[in-house]
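S.K.:
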Amino acid sequence: MARAAAKAKKGRILFIDDEPDVVEPLLAMVRALGFQASMLTDGRQFEQELKRFKPTHVVVDLVMPQSDGIDVLLALSRLTERPRIIVMTGYHWGVMESARILAETHALNDIAWLQKPVDLDRFESMLA
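Residue numbers (the working numbering): 4 to 131.
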């Protein structure tokens, strides 16, 4: 019982990425670190999952074929209490820079940015 309570205190991470092969190692890692984790393959169910899962962290891919990371960032910008946000992409750094400018115009100033392929040590340091 104490172990379950310790895991609950670590936090809940919601991954939103259309590439399960990229997310599966991250899911395994965060669960081993004591986090609860959930995954969506696009942003269309994000707001529903946000209410259900109540994540402390949201890790979102910037570019996805349906509802993308920009849609998720805009939804997060409307919240008064926000989870920690980590944005990742495999696209050129310029795409990430454009997203960073958009995020800042919506008062999303405390975002961590991560390039794919994901460096696991760097990712773990972003969870603190």
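The beta-carbon is built from N, C-alpha and C at its ideal position, and this holds for glycine as well.
(1) Have a look at ARG55 and ALA31 and give me their C-alpha separation to the nearest angstrom.
(2) Taking C-alpha atoms, which residue in ASP21, ALA35, ALA40 and VAL33 lies nearest to GLY46?
(3) For ARG81, which three-state DSSP category applies?
(4) Do you know offhand how far PRO2's Cα is from THR44's?
(5) Tell me whether PRO58 is buried or exposed, calling it buried when 16 or more other Cβ atoms sit within 10 Å of its Cβ.
(6) Can you tell me which residues form a DSSP beta bridge with TRP116?
(7) Using CA coordinates, which residue listed in PHE49, ASP122 and GLU107 is at the minimum distance from VAL61?
(8) Can you tell me whether ARG6 is helix, strand or coil according to DSSP?
(9) Out of curiosity, what's the CA-to-CA distance linking GLU52 and PHE38?
M.R.: Well, looking at it:
(1) Residue mapping note: residue 55 aligns to position 52 of the sequence shown, counting from 1. Residue mapping note: residue 31 aligns to position 28 of the sequence shown, counting from 1. Roughly 21 Å separates the two Cα atoms.
(2) Reading the sequence shown from its first residue, position 43 is the one you call residue 46. The shortest Cα separation from GLY46 among ASP21, ALA35, ALA40 and VAL33 belongs to ASP21.
(3) Here residue 81 is taken as the residue at index 78 of the sequence shown, counted from 1. Coil at ARG81, not helix or strand.
(4) Given a span of 4 to 131 for the chain in the structure shown, any question on residue 2 remains unanswerable.
(5) As a first step, residue 58 must be located in the sequence shown, where it is residue number 55. PRO58 should be labelled buried.
(6) Taking the sequence shown and counting its residues from 1, one reaches residue 116 at position 113. Beta-bridge pairing links TRP116 to VAL90.
(7) For the purposes of this step, residue 61 is taken as the residue at position 58 of the sequence shown. Ranking the options by Cα distance to VAL61, first place goes to PHE49.
(8) As a first step, residue 6 must be located in the sequence shown, where it is residue number 3. Reliability of the predicted coordinates at ARG6 is poor, the pLDDT of 47 falling under 50, and the value obtained from them is presented with this limitation in mind. Reduced to three states, the DSSP call for ARG6 is helix.
(9) By 1-based counting over the sequence shown, the position of residue 52 is 49. By 1-based counting over the sequence shown, the position of residue 38 is 35. Roughly 17 Å separates the two Cα atoms.
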